[in-house]
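Report on the following structure.
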Amino acid sequence: MSQMNMVQAINDALRLEMRRDSRVVVLGEDVGKVGGVFRVTQGLFDEFGDDRVIDTPLSEGGIIGAAIGMALYGLVPVPEIQFSDFIFPAYDQIVSEVAKMRYRSGGEYASKLVIRTPVGGGIRGGHYHSQSPEAQFIHVAGLKVVCPSNPADAKGLLLASIRDPDPVLFFEPKRIYRAAKGDVPEGDYTVPLGKAKVVRPGKGVTLVTYGAMLYESLEAANQAAAQGVDVEVVDLRTLWPLDIDTIIESVKKTGRVVVVHEAPKSCGLGGEIVALVNEKAFLHLEAPPVRVTGFDTPFPYTLENEYLPLAHRILPALVETARY
Amino acid sequence: MKTYEFKLPDIGEGVTEGEIVKWLVSPGDAVAEDQPIVEVMTDKATVTITAPKSGKVLETRGAVGGTVPVHSVLVVFDLGGDAATAQVLAEPARSEEPAATAVGDIKESLPGMNLMSTVAAPAPSNGHAKAAGYFNDKPLATPATRALARELGVDLRVVPPTGPNGRVTKDDVRALGQSSSPATTMAPVAQRAPAMTGEPTPRPGEPTALPPRATPEQGAPSPATTRAPVKIGAAAPAGAGLEERIPLRGVRKRIFEGMARSKHTAAHFTFVEECDVTALKALRARLRPAAEKEGVKLTFLPFVLKAVVAALKKHPTLNSAFDESSQEIVVRRYYDIGIASATDSGLVVPVVRSADRKSILDVARDIARLAEDTKAGKINPVDLGGSTFTITSLGAQGGLFATPILNFPEVGILGVHQMKQKPVVRDGQIVIGDVMLLSLSFDHRIIDGHVGAAFAYEIIGYLQDPDRLFLEMG
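Chains as they are written, first to last, in our numbering: chain A, 1 to 324; chain B, 1 to 474.
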């Protein structure tokens with residue numbers, strides 16, 4: 001065990017896997033000599049050389065397109081998109097090629113790759129460096145979507161993602177890149193994809209969240225406890241495939257659910273979770289399911305703390321849902 | 001001979017039957033395709049149905065005034081042809097579907113398309129734990145409460161709710177679930193005080209426009225059970241002073257019955273519009289001294305009343321009433337206008353008789369006299385009842401608008417709100433205007449929306465340009 005932040009834990013996972021599996025290749029803008037704008041790939045260029053840690057031109061479509069080719073020829077590329085806000089030039093490559101390669105080839109080929117990309121707001125990044133587009137990938141069949149909330153999970157989930165036979169979008173919440181610190185097991189281990197984690201047990205209200213908003217949710221849950229509201233907090237960890245069983249098990253216990261994410265509300269993952277809860281636990285519901293999310297607006301630079309579903313917005317939703 | 005049975009088509013919008021208004025063809029007639037053959041009235045509209053094919057009419061089914069269900073045979077046609085191969089063609093065959101194209105097989109119709117507007121509401125099932133005394137066809141309850149009700153075999157529709165916003169709570173369900181036994185489910189359920197509904201009990205034998213309600217004992221197919229009297233359980237022993245019990249009698253009883261009867265029969269709809277009273281205010285100010293010389297205090301109400309009478313003359317159905325026994329609409333050619341008036345004992349409606357034959361001054365005198373008598377509680381019975389249209393002057397506390405209840409069996413009522421100074425736009429400028437709101441309710445069974453609206457604008461026209469009242473004075 002050693003204390004790490006998210007950046008160090010992800011770096012540790014990449015280094016470990018590149019040492020273990022010579023097929024693993026990292027590519028992206030400034031991932032090489034510079035070590036990434038967030039220093040996630042620091043030191044990899046020196047250790048593995050420019051064959052395996054490749055600085056690319058500023059072309060997201062090119063990065064993913066090249067990664068698809070590498071994957072089809074047997075490499076295991078881990079491309080980085082510098083901000084998930086920049087992923088859209090590659091959206092066609094991801095949706096039309098990456099997600100469908102296994103289906104189109106009748107299972108003969110897969111674009112087995114892991115797209116790493118920082119996600120979310122809270123760093124004063126403005127509208128091009130703060131968005132949360134995860135739902136736009138969840139909506140595409142053929143992709144797995146991961147979003148860790150802490151260093152240990154980040155390392156274990158990234159190792160599981162790289163070893164997964166299918167393409168994975170690995171969203172790294174940049175607001176907690178350095179703020180989330182914790183013990184990270186040394187050496188090789190994985191955290192299985194598709195498994196959520198109950199990080200705070202409770203009986204009154206189920207709170208489902210992921211990524212950076214986990215901490216705001218835990219803060220709100222603690223404040224709610226002072227008002228007699230007992231909140232169970234579920235950290236999804238993998239957004240797709242969704243661990244609906246864990247959510248339903250919790251909702252059957254509490255009868256109430258609040259979903260928190262910083263992505264906009266409409267057609268967000270929260271909407272899907274609420275729909276599934278209605279389908280699978282309808283007769284257990286004591287209150288309407290509630291979403292506390294970002295707004296259906298561009299991410300506002302000046303109103304960042306109003307846009308994000310911080311604890312002060314989560315708390316009243318928890319209390320009202322508990323007392324409905 | 002080929003015969004063809006033409007069935008009353010599904011005209012859409014959930015129409016299930018039509019009444020035959022007029023046959024445009026007779027047996028023996030030769031008809032061409034698309035030639036009108038019959039007029040059918042549905043509850044939505046009267047439609048002319050045309051011949052689907054050319055041929056000779058063999059038989060028309062259904063007499064004028066009779067009702068024909070959708071999909072039953074309306075006309076039998078002789079399409080000519082070989083008598084030896086007599087054959088009855090049913091529905092026309094569906095036209096062939098287009099072949100698949102480069103973009104795929106785009107069908108003209110797919111299963112379920114015809115269900116868009118004809119899906120019938122499921123018939124509600126009989127609840128097993130049905131208790132008399134409370135019934136709500138659409139109870140509010142969270143899903144978890146619904147699950148509990150299922151588990152305990154309690155019909156949520158009969159559970160008196162005590163939760164927020166009228167919601168049935170789990171405790172409500174448990175309370176009834178435990179008390180439910182074959183012996184008690186049919187007995188009146190005493191409600192807790194906070195759940196009182198205040199709904200009146202229909203008196204036995206009272207004429208009602210609602211379909212008769214069957215009792216559960218009769219194995220009722222309908223969820224609308226006979227309403228047993230609701231008992232409001234005492235919150236505290238008598239004498240504790242927590243409640244007062246007032247017998248229902250006198251004026252209150254009459255209001256009680258009249259209001260309930262009006263709401264249970266007429267299909268109320270309310271129309272609200274603004275009226276610029278600048279000219280009316282000026283006119284009244286100008287005439288006031290003259291009226292005073294005659295000993296009359298001139299208010300606005302006589303002008304409103306005369307405007308109503310003038311508008312009634314132009315829209316006579318507004319001055320009608322419905323005769324339930326003969327099922328006729330009775331249009332009155334006399335104009336007795338009720339003036340709803342508040343008294344200490346409750347609402348009364350003294351009547352200005354033959355208002356069409358009275359001058360504004362006479363109307364003002366009548367109103368003053370009726371107001372005085374009403375206030376003093378010595379109104380003459382001849383001044384009450386039999387009005388043909390009612391005005392309710394809502395006064396200073398009339399609110400922004402209201403939804404007046406019709407004075408049964410009338411079909412229209414006018415609520416007059418207080419005149420107020422408000423910003424209005426005149427010639428592109430915001431200026432201070434004198435504005436009054438009118439809230440009119442009508443019986444939609446008899447008064448169509450556009451008729452009610454036209455009537456309202458007629459009144460407004462007179463009040464905005466009150467000189468017209470003199471122009472048309474009879």
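Where is the CB? At the ideal position from N, CA and C, for every residue including glycine.
Item, Value
"Residue interval of the alpha helix (DSSP H) (run including valine 7(A))", "6-20"
"Strand pairing of lysine 306(B), partner residues [DSSP]", "Looking at the DSSP assignment, lysine 306(B) forms no beta bridge with any residue, so it has no partner."
"Terminal residues of the beta strand (DSSP E) in which leucine 320(A) lies", "Correcting the residue identity first, residue 320(A) is glutamate in this sequence and not leucine. Not the beta strand (DSSP E): glutamate 320(A) falls in the alpha helix (DSSP H), residues 311-323."
"Beta carbon of leucine 315(A) nearer than 8 Å to that of alanine 220(A)", "yes"
"Chain-ordered neighbours of arginine 479(B) on chain A, where CB pairs are closer than 8 Å", "In the structure as shown, chain B begins at 1 and stops at 474. Residue 479(B) is therefore absent and cannot be evaluated."
"Cβ pair glutamine 350(A), glycine 35(A) closer than 8 Å", "With chain A covering only 1 through 324, there is no way to say anything about residue 350(A)."
"Any chain A beta carbon closer than 8 Å to alanine 60(B)", "Going by the sequence as given, residue 60(B) is threonine instead of alanine. Closer than 8 Å: no."
"Euclidean distance between Cα positions of lysine 138(B) and isoleucine 446(B)", "29 Å"
"Under 9 Å (Cβ pairs) to chain C, residues found in the stretch 244-262 of chain B", "Here the protein chains are A and B, and chain C is not one of them."
"Contact set for glycine 80(B): own chain, Cβ-Cβ below 8 Å, skip 5 residues either direction", "Met1, Lys2, Gly55 and Lys56"
"Any chain B beta carbon closer than 8 Å to glutamate 249(A)", "no"
"Contacts around glutamine 280(A), its chain only, beta-carbon distance under 6 Å, and the 5 residues preceding and following it disregarded", "It is worth fixing the name first, because residue 280(A) is lysine in this sequence and not glutamine. So the qualifying residues of the chain are Ile248."
"Beta bridge counterpart(s) of cysteine 147(A) as assigned by DSSP", "DSSP, once it has assigned bridges, lists no residue as partnering cysteine 147(A)."
"Member of Lys358(B), Arg357(B) and Gly338(B) whose CA lies at the smallest distance from the CA of proline 350(B)", "Gly338(B)"
"Cα-Cα separation between histidine 284(A) and threonine 162(B), rounded to whole angstroms", "20 Å"
"Cβ contact check for the stretch 127-134 of chain A and the stretch 65-76 of chain A: 3 or more pairs under 8 Å", "no"
"Buried or exposed by the 16-neighbour rule on C-beta atoms within 10 Å, applied to proline 309(A)", "buried"
"Any C-beta of chain A under 8 Å from that of threonine 185(B)", "Its pLDDT being 36, under 50, threonine 185(B) is placed unreliably by the model, and the measurement read from it follows with that caveat. It does not; no Cβ of chain A falls within 8 Å."
"4 or more residues per run - each alpha helix (DSSP H) lying fully within the stretch 322-386 of chain B", "360-376"
"Cutoff 8 Å: alanine 196(A) Cβ touching any chain B Cβ", "no"
"Sub-8 Å separation of threonine 374(B) and alanine 340(B) beta-carbons", "no"
"Euclidean distance between Cα positions of lysine 293(B) and glutamine 397(B)", "31 Å"
"Where aspartate 245(A) sits in the DSSP three-state scheme", "helix"
"First through last residue of the alpha helix (DSSP H) which encompasses alanine 509(B)", "The requested residue 509(B) does not occur in the structure, where chain B is confined to residues 1 to 474."
"Exposure label - aspartate 85(A); buried when at least 16 CB within 10 Å", "buried"
"Rounded separation between leucine 113(A) and arginine 175(A) - CA only", "25 Å"
"Beta-carbon neighbours of glycine 255(A), restricted to chain B and to distances below 7 Å", "Ala144"
"Rounded distance between the beta-carbons of glycine 412(B) and leucine 301(B), thought under 8 Å", "Not confirmed; about 17 Å, so no contact."
"Beta-carbon neighbours of alanine 287(A), restricted to chain B and to distances below 7 Å", "Thr142"
"Assigned exposure category for alanine 364(B) - 16 Cβ within 10 Å defines buried", "buried"
"Cβ-Cβ distance between methionine 41(B) and glutamate 17(B) below 8 Å", "no"
"C-alpha gap between lysine 390(B) and threonine 265(B), whole angstroms", "The sequence as given places threonine at residue 390(B); lysine does not occur at that position. Computed Cα separation, rounded: 17 Å."
"Per-residue burial, glutamine 93(A) [other beta carbons within 10 Å of its own, 16 or more giving buried]", "buried"
"Nearest candidate by alpha-carbon position, reference alanine 287(A), set Tyr215(A), Val258(A) and Gly271(A)", "Val258(A)"
"Simplified DSSP assignment, three categories, for proline 143(B)", "helix"
"First and last residue of the uninterrupted beta strand (DSSP E) at leucine 72(A)", "Segment 60-72 is the alpha helix (DSSP H) holding leucine 72(A); no beta strand (DSSP E) there."
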